[in-house]
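Worksheet for the structure shown next.
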Ligand SMILES: [Ca+2]
């Protein structure tokens, strides 16, 4: 019998607790780590996105590496960040596969391990969130959020002065310790100041970014440009942080990794498992340790690879880390241009927001291999974005969502963004990057579908995923005390609708 209190795979794995004692000289030889994570960002100008400018993010790629196939195994804040911190897939993390979970006390984060092994660790902005933190633990290091911005560019960006807080962290760092710093920018998470894009000089008419599942109308274009303003704000603070690093004389001895936890907070992006939703911008720089800097990497990689990377560069063995065994593999083979066998990744989702009866999530698992992605929807009778009574809560509210819900109901956009999905989805992501042409019932693709499905299920079974081992309800039944939130959400949606009508 599967017990919700047991770890999936606990009997298979074991990782001995044995902390490494680090001498001062070794500590001094080890690099600092600057980990940069935007919140809900899908774009950077280094990838050819013309409607925004991220010169600082791009400079990391130009002097280091640009990853073209880096995926988060879950396109939602809390599970994605839990993966970064543990090196395990969401379905290997018990209830932490869900959004807003309780962090299990028995799980060590990689930042805690770095702190225990001589690193001075801190964060600004958002660390691991949203969720319930274990008592007296620093999952992403010491919080540096004291200093606030005086003159924010829009009314909706967070109040933290990320760069100034990083500088304060640097001044607090003892001389003999390497550091780990987590720049957890809260942008470009919603909400946005409507029309701030145009107000700050962006041009509506020249916007060409137009996913096939949204109407290309002014309100949507404004929403995209408002998002772009927040992406650029993230990048401006990154620039200041890199400047502080340089002034501290540490730029040459710092591994910098910059990415985003999940995709943009728009319909059919954030929270969903499609290609463009789980593939994230990702760049890395480490002077003297990256062969042929300026390269693009086309092999597959995943956020499960982050924690093993941090441990390896910090010279800490997995077995001695006290962490649960990791599924990921250090990214140093990318750094040395010696990648072998990185030919696929697995992604998926469980429960994001509480927007279906009985605490149900929307379970999906996917395999990305070659030009294809196969998505297996385990419960096609459920609503992918939540019920209509919940106002499709699994899609963050904003002008694009409102436009499609209110004025585009009779169009394919509505169905593509909020409708139910078949059990099998297969897309050629090269020919169909927006994943709107489902090839699952296409006879010439039957063999591809079967091969990918078989491989996906074999790999998930080997990882002890409860969803394929007959215990899928485990994820739906996590945090039963939250079930009442659904009824409350439905009540609020109803009230709002009545008010709007009046
Ligand atoms: Ca996020």
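Numbering (our numbering), first residue to last: 1127 to 1628.
Yeah, the Cβ is synthetic: ideal placement off N, Cα and C, and Gly gets one too.
Cβ-based neighbour list, residue i, same chain, cut-off 6 Å, excluding 5 preceding and 5 following
i            : result
residue 1511 : 1518, 1520, 1521 and 1544
residue 1395 : 1389 and 1403
residue 1200 : 1206, 1216 and 1475
residue 1160 : 1307, 1380 and 1382
residue 1365 : 1182
residue 1167 : 1314, 1357 and 1386
residue 1401 : 1499, 1555 and 1561
Host alpha helix (DSSP H) of residue i (start-end)
i            : result
residue 1291 : 1288-1298
residue 1182 : 1181-1188
residue 1458 : 1458-1461
residue 1251 : Careful: residue 1251 lies outside any alpha helix (DSSP H), inside the beta strand (DSSP E) at 1246-1251.
residue 1512 : Unbroken run through residue 1512: none, as it is neither H nor E.
residue 1620 : 1610-1627
residue 1530 : 1525-1533
residue 1398 : Careful: residue 1398 lies outside any alpha helix (DSSP H) and carries neither H nor E.
residue 1543 : 1538-1544
residue 1206 : 1203-1212
Residue i CB to nearest heavy atom of ligand 1 below 8 Å
i            : result
residue 1315 : yes
residue 1206 : yes
residue 1224 : no
Host beta strand (DSSP E) of residue i (start-end)
i            : result
residue 1423 : 1421-1423
residue 1315 : No beta strand (DSSP E) holds residue 1315; DSSP gives it neither H nor E.
residue 1310 : 1305-1310
residue 1500 : 1498-1503
residue 1607 : From DSSP, residue 1607 is part of no beta strand (DSSP E); its letter is neither H nor E.
residue 1493 : 1490-1495
Local Cβ density within 10 Å of residue i, reported as buried at 16 or more and exposed below that
i            : result
residue 1508 : buried
residue 1431 : buried
residue 1241 : buried
residue 1330 : exposed
residue 1615 : buried
residue 1234 : buried
residue 1621 : exposed
residue 1607 : exposed
residue 1422 : exposed
residue 1591 : buried
residue 1256 : exposed
residue 1513 : buried
residue 1623 : exposed
residue 1580 : exposed
residue 1610 : exposed
residue 1627 : exposed
residue 1268 : exposed
residue 1567 : exposed
residue 1184 : buried
residue 1536 : exposed
residue 1343 : exposed
residue 1549 : exposed
residue 1618 : exposed
residue 1158 : buried
residue 1587 : exposed
residue 1576 : exposed
residue 1625 : exposed
Contacts around residue i, its chain only, beta-carbon distance under 7 Å, and the 5 residues preceding and following it disregarded
i            : result
residue 1303 : 1153, 1244, 1245 and 1246
residue 1273 : 1287, 1290, 1291 and 1294
residue 1179 : 1171 and 1358
residue 1285 : 1274 and 1275
residue 1415 : 1461
residue 1354 : 1177, 1178, 1323 and 1328
residue 1187 : 1172 and 1409
residue 1226 : 1204, 1256 and 1257
residue 1333 : 1177, 1347, 1350 and 1351
residue 1296 : 1370 and 1374
residue 1147 : For residue 1147, the predicted model reports a pLDDT of 37, less than 50, meaning its position is unreliable; a value from the coordinates is still stated below. Same-chain partners within the cutoff: there are none.
residue 1440 : 1156, 1240, 1243 and 1245
Contacts around residue i, its chain only, beta-carbon distance under 8 Å, and the 5 residues preceding and following it disregarded
i            : result
residue 1492 : 1399, 1404, 1472, 1473, 1474, 1499, 1500, 1501, 1502 and 1582
residue 1486 : 1477, 1505, 1508 and 1602
*So which residues put a beta carbon under 5 Å from any heavy atom of ligand 1, going in chain order?*
Going along the chain, the residues that qualify are 1165, 1166, 1203, 1387 and 1388.
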